[in-house]
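In our numbering, the protein residues as written are 4 to 398.
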């Protein structure tokens, strides 16, 4: 998925004149590797669990260790991307992501998997907020079109990858996914070496931001809480669904189809909403998102493939309706001069929401998890009204 809260990072740098397909190919290749990890790992978890005879709690740690590292890495990428040359920070992150992917492919036990996931996640956190920065620098005359193409490509990769790989996974070759992800990351590094991006002219030239002002931005923190809840519910859906269906004897191909439906719905609806997410529509779109997510999670406890496809479409629609509006509100309510830090907090709180939700609900019963998700989504909908109403009234 695109990673659900990335497009606002374009505020980290001003575009510099730079041309050439290779300057675009490097960041795009890295983001494809990032999206493939995001979409494939939920599908791989049952096979990894079986290969190392892991408990559900241990699988949760393998899943969450990546998110913990991303939450840390994205702050590092945001801070150092402002201070040092953006391309060098980006390359460091891609190299760490590559190393973690290789370690995952050759892991021999659960502990090694966790360590490798943390290396991979830290690298992803460092480079992922900088992808749109480099792309807008590569196409300064049409940055908006570049970002739309980037988002669309990421969405389609996210939709196709689980279905395409499910045929390979049937044979138990889960490690091949990480070999392929590492290969794409390596390709990105080769592009960067072949044609290094131009320097970021704004790096190191800004006044020191007054970070303490962010703590008094009440509506910003309400938006971050909204992100925490909605992304937590979505992450729980992506984590639990493949494991539960595998336990129920559902074929991997069908699981891949359900996950592909989720990402394709997100990509398609996001494209439809891109011209609707403005001050007149943001309240209704943002408020309906938690309702869609909660309904989809509850519906996903039905074993019928047709019902599961419907559940995936609901949760995918909820992600599309929450992603862009929350990004808009975070940038709107960010204190002046602190958009980059607000963007980093956006991604960090999204990941933390997933970590906490999975950790709390991974080993609970279906009824308790369904009630917890439903209550959380109602709270998120209330937050949406509190966040958006002042912006709508000022319009």
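For each residue, glycine too, the CB sits at the ideal point set by N, CA and C.
query	result
Through-space distance from residue 132 to residue 89, alpha-carbon basis	10 Å
Segment contact, 8 Å Cβ cut-off, at least three pairs: the stretch 48–61 with the stretch 213–226	no
Assigned secondary structure, residue 57 (DSSP; H/G/I helix, E/B strand, else coil)	coil
Counted within 10 angstroms of its Cβ, other Cβ atoms place residue 40 as buried (16 or more) or exposed	buried
Classification of residue 315 by the beta-carbon crowding that lies within 10 angstroms, buried from 16 upward	buried
Cβ pair count under 8 Å reaching 3, the stretch 345–365 against the stretch 262–278	no
Inter-residue spacing [alpha-carbon to alpha-carbon] between residue 267 and residue 46	16 Å
Pick from 91, 100, 62 that is closest to residue 2, judged by C-alpha positions	Only positions 4 to 398 of the chain appear in this structure, which leaves residue 2 out of reach.
Assigned exposure category for residue 326 - 16 Cβ within 10 Å defines buried	buried
Rounded straight-line distance, which links the Cα of residue 118 to that of residue 320	33 Å
Where residue 177 falls, given that 16 or more other Cβ within 10 Å makes a residue buried	buried
Cβ-based burial, residue 204 [other Cβ within 10 Å; buried from 16]	Note that residue 204 has pLDDT 48, beneath the 50 cutoff, so the model's placement of it is unreliable and the number below is only indicative. By the neighbour-count rule (16 or more Cβ atoms within 10 Å), residue 204 is not buried but exposed.
In chain order, each alpha helix (DSSP H) run of at least 4 residues that lies wholly inside the stretch 227–280	255–276
Secondary structure of residue 187, DSSP reduced to three states	helix
Cβ-based burial, residue 309 [other Cβ within 10 Å; buried from 16]	exposed
Check whether residue 329 and residue 289 have beta carbons under 9 Å apart	yes
Cβ-Cβ distance between residue 2 and residue 42 below 9 Å	Beyond the ends of the chain as shown, which are 4 and 398, falls residue 2; an answer cannot be given.
Touching by the beta-carbon criterion (3+ pairs, under 8 Å), the stretch 298–312 and the stretch 181–198	no
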